[in-house]
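In what follows, a structure is listed as structure tokens, so that the remarks can point back to it.
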Amino acid sequence: MNMKTVLILLVLALATIFALVCVLLTRGRASSPCQHQPPEQEDTSGSQSLVFADLSPEELVQVVQYLRGSLGVQLVDASRAQPSDNCLASIDLQLPAKAEVLRFLDGEGARPPREALAVLYFGNQPEPNITEYVVGPLPTPRYHRDVTLQRYGGKLPYHRRPTLAVEYQQVAGFLKSQVFPTAPSFMHQVMEYDGANLAALTAAPRGFQSGDRITWFALFQNVSGFFVHPVGLEVLVDHSSLDISQWVLSRVFYNGQYYRDMAQLESAYVQGHISVEKVRRAPQDGDFSSMKPRVPAAALFPLQYEPQGPRYSIRNNQVLFQAWSFAFGMSISTGLRLFDIRHKGERVAYEISIQEALSVYGSNCPGGMSTRYMDGSFGIGRYTSPLVRGVDCPYLATYLDVHHLAHSQVPRTVKGALCIFEQNLGSPLRRHYSNLQSLYYGGLVNSALVLRSIATVGNYDYVWDFIFYQSGAIEGKVQATGYASSSFLHGDGLRYGNRVWEHTLGTIHTHSINYKVDLDVGGVKNSLVAHDMAFEMTRAPWSPEQQIERPRLTKRVLDTEEQAAFRLQSRVPRYIYFAANSKNKWGHQRGYRIQITSFAGDHIPEGSSMERAISWARYQLAVTRRKEEEPSSSSIYNQNDPWTPTVAFADFINNETITNEDLVAWITAGFLHIPHSEDIPNTVTVGNSVGFLLRPYNYHDLDPSIYSQDGVFFTSEQDLTACEVNPIACLPQTASCVPSFPPFTYGGFQNM
1 MNMKTVLILL
11 VLALATIFAL
21 VCVLLTRGRA
31 SSPCQHQPPE
41 QEDTSGSQSL
51 VFADLSPEEL
61 VQVVQYLRGS
71 LGVQLVDASR
81 AQPSDNCLAS
91 IDLQLPAKAE
101 VLRFLDGEGA
111 RPPREALAVL
121 YFGNQPEPNI
131 TEYVVGPLPT
141 PRYHRDVTLQ
151 RYGGKLPYHR
161 RPTLAVEYQQ
171 VAGFLKSQVF
181 PTAPSFMHQV
191 MEYDGANLAA
201 LTAAPRGFQS
211 GDRITWFALF
221 QNVSGFFVHP
231 VGLEVLVDHS
241 SLDISQWVLS
251 RVFYNGQYYR
261 DMAQLESAYV
271 QGHISVEKVR
281 RAPQDGDFSS
291 MKPRVPAAAL
301 FPLQYEPQGP
311 RYSIRNNQVL
321 FQAWSFAFGM
331 SISTGLRLFD
341 IRHKGERVAY
351 EISIQEALSV
361 YGSNCPGGMS
371 TRYMDGSFGI
381 GRYTSPLVRG
391 VDCPYLATYL
401 DVHHLAHSQV
411 PRTVKGALCI
421 FEQNLGSPLR
431 RHYSNLQSLY
441 YGGLVNSALV
451 LRSIATVGNY
461 DYVWDFIFYQ
471 SGAIEGKVQA
481 TGYASSSFLH
491 GDGLRYGNRV
501 WEHTLGTIHT
511 HSINYKVDLD
521 VGGVKNSLVA
531 HDMAFEMTRA
541 PWSPEQQIER
551 PRLTKRVLDT
561 EEQAAFRLQS
571 RVPRYIYFAA
581 NSKNKWGHQR
591 GYRIQITSFA
601 GDHIPEGSSM
611 ERAISWARYQ
621 LAVTRRKEEE
631 PSSSSIYNQN
641 DPWTPTVAFA
651 DFINNETITN
661 EDLVAWITAG
671 FLHIPHSEDI
681 PNTVTVGNSV
691 GFLLRPYNYH
701 DLDPSIYSQD
711 GVFFTSEQDL
721 TACEVNPIAC
731 LPQTASCVPS
741 FPPFTYGGFQ
751 NM
């Protein structure tokens, strides 16, 4: 063996020894699983929050059984009901009166009886109507009472009923069996219709006057992302009769022209009298509308984890996080809602809830131009969708199920429909670096608790967040994504949007979101105060010949509801707050300020025959006296009869005094959306986020986050690497652990 070979073997041996040593050393320092520590929070059973809890599947079943046996009429399951049948449309929690709940929560009264609110459609009666019953007590019902007259001042006409899923199925069957066969050549040669390749999208409202149930349905290719695949054909169906056999086709629209019916369209086509724009048939995945990634997966995106476990806790429907506690629930119609929100044990708000989501569209096609969607009628809570770990929420968030009963007699469970997580926002909540006089750094990471749900109502997905900050601020935020609605591009279509594909017009529309914020700052009785600024001119005291323009504080108490109603484009005082009757250490009224983030489009003209149904959208902010008979700014019945609205928010504002009263703020945030090419395949959340902040204003004596255990402070004279001085320096020890990732599951495609 020559010397060269010996040297090579020696080098290989040394390398092997070095590698083994590295492996052994690494194994000795291997990260251990993260050890969860229970959060240090007030010991409470959380049972009081159950007064706000959603109905359980067992309770829903009990209500159904009670109503079927107690009303004396046959109830057909709403999933297969004819318009002429009696059926149970929905069941939700009946919230007790606020005064009764507060007595219970504050230990001064008994627990209110637990009750349900049932909405029934009575189509099989001499005078068909909608009736609402309160059913209780739960879990074993023994009584029901008709509250329709009490709530609405009279009977609810049957034509106002929200459209059931089965009615859309019946319309689809009517089109397939009665309408499309009357134009065989057109449907086969132009639409390439095979009985399943077209999807219909409803417009709403349905007509021009009370009693109408006449709906435009726009036709699209039935592929993935069909909302951006219009084919140019739209049909107007009169489905007002309770006898499906009496439904009729009222009008047809194709490529800019209107026809009496499909037979007239067929005749014009056969004779060559129409301009045909044949749309290339899209593959089943939708081609350009497909959300399938165009490139393979690469390096994993950043993940978030909690090295010592969650710092929040959930007990029943109550969440505890540092100084915060609140109860949560999900309304079938309006979605996510919060109750009894407290900071450091003191109630700051009784209720914060979504009220309505409105979209007003423009187009030169009939379906688009007549669309004013009020999503509460379709069901923001009903369409809450299962969340995907790691995308819709952080992978290690806490996921909760939601139960509801609507359009059926069987409860439905939406798996993982709510998520709760603490989020490091990646920026300081506050900080200062001092390089003058003394040398130090002080800061606090901006870590906040997020409660989220996502509702997919038709084409749009709304990401609903309520966020709790260590500074005592609360944020309500909504982000819009999903698919843009579209019309078939023809004629002067570019007046109403942008061309986003060959035959697709992304149609201009507005989004308006209304919230109810029932603040109780330092007690139930509050006043509304506005602080702002004005410049004043003065002479410099040390140099009287010189003038100085200086800003000064302006103060005003808003005494009446009229003064507190701020129109959409009007100027709102920049500091407007609910003021308590108590003062902080410095002699100022304790308060919570309302700060709105919005870039809303214009409101529909008030001369419109349907405007009163959405009159809440006139105002970016309106503060009224709280009344049990004014629980919501909108109604599920407004969509199908906006011309005689069941609830007209404008009537809430009647110049009553709002000084030292129980007050509610109604907040509207929104944005104008002009779809563009970057909305294909679908809309991103970036830039499409609006909402509001509730911020303490002299509520505390100093910033409450100074008491956060996350604070960091060190001076130039301290050892920055010492854990007792700087906890961030300990991260290599305290955060060097392996989080436990549960296996990925998703139940979104089950029990559809």
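Taking UniProt numbering, I'd label the letters of the sequence shown as residues 1 to 752.
Cβ atoms here follow ideal geometry from the backbone N, Cα and C, with glycine treated the same way.
Please determine, among the options, the residue with the shortest C-alpha to C-alpha distance to residue i.
i	options	result
residue 119	439, 75 and 153	75
residue 310	390, 343 and 396	396
residue 201	459, 306, 183 and 578	459
residue 54	68, 138, 86 and 79	138
residue 742	408, 394 and 229	394
residue 583	363, 534 and 592	592
residue 477	687, 209 and 88	687
residue 101	91, 113, 366 and 90	113
residue 353	642, 209, 206 and 338	338
residue 365	251, 695, 387 and 462	251
residue 316	545, 402 and 422	402
residue 277	659, 262 and 187	187
residue 356	334, 372 and 87	334
residue 328	698, 77, 462 and 381	381
Give me the Cα-Cα distance between residue i and residue j, rounded to the nearest whole angstrom.
i	j	result
residue 344	residue 634	33 angstroms
residue 43	residue 657	The predicted position of residue 43 is uncertain, since its pLDDT is 49 and thus under 50; a value taken from the coordinates is nonetheless stated next. Taking the straight line from one Cα to the other gives about 40 angstroms.
residue 66	residue 404	17 angstroms
residue 612	residue 604	10 angstroms
residue 126	residue 60	29 angstroms
residue 152	residue 645	11 angstroms
residue 653	residue 264	51 angstroms
residue 684	residue 507	16 angstroms
residue 725	residue 718	7 angstroms
residue 536	residue 557	21 angstroms
residue 744	residue 391	12 angstroms
residue 318	residue 570	38 angstroms
residue 489	residue 502	8 angstroms
residue 197	residue 221	6 angstroms
residue 609	residue 549	49 angstroms
residue 154	residue 71	20 angstroms
residue 577	residue 735	41 angstroms
residue 733	residue 448	24 angstroms
residue 336	residue 453	7 angstroms
residue 500	residue 679	8 angstroms
residue 671	residue 224	27 angstroms
residue 681	residue 579	47 angstroms
residue 623	residue 85	42 angstroms
residue 146	residue 133	5 angstroms
residue 440	residue 468	29 angstroms
residue 48	residue 105	7 angstroms
Could you tell me if residue i is buried or exposed, where buried requires 16 or more neighbouring beta carbons within 10 angstroms of its beta carbon?
i	result
residue 554	exposed
residue 28	Legend: pLDDT at residue 28 = 41, less than 50; position of this residue unreliable, no value from coordinates given.
residue 581	exposed
residue 123	buried
residue 538	exposed
residue 419	buried
residue 6	Note that residue 6 has pLDDT 48, beneath the 50 cutoff, so the model's placement of it is unreliable and no number is given.
residue 516	buried
residue 36	exposed
residue 567	exposed
residue 738	exposed
residue 98	buried
residue 698	buried
Looking at residue j and residue i, is the spacing between their C-beta atoms short of 9 angstroms?
i	j	result
residue 616	residue 370	no
residue 235	residue 149	no
residue 116	residue 63	yes
residue 637	residue 130	yes
residue 690	residue 509	no
residue 374	residue 667	no
residue 204	residue 219	no
residue 704	residue 470	yes
Review point. On the three-pair Cβ rule with 8 angstroms, is the segment 483-500 touching the segment 240-257?
Key: Yes, the segment 483-500 touches the segment 240-257.
Point to revise | the segment 408-416 in contact with the segment 430-438 per 3-pair CB rule at 8 angstroms | key: Because the criterion of three Cβ pairs below 8 angstroms is not met, the segment 408-416 and the segment 430-438 do not touch.
**Study point:** Touch test, the segment 342-357 against the segment 520-533, Cβ-Cβ under 8 angstroms, three pairs minimum
**Key:** yes
Point to revise | Validate contact between the segment 293-308 and the segment 456-472 using beta carbons, cut 8 angstroms, 3 pairs | key: In short, these stretches do not touch, since the Cβ pair count stays below three.
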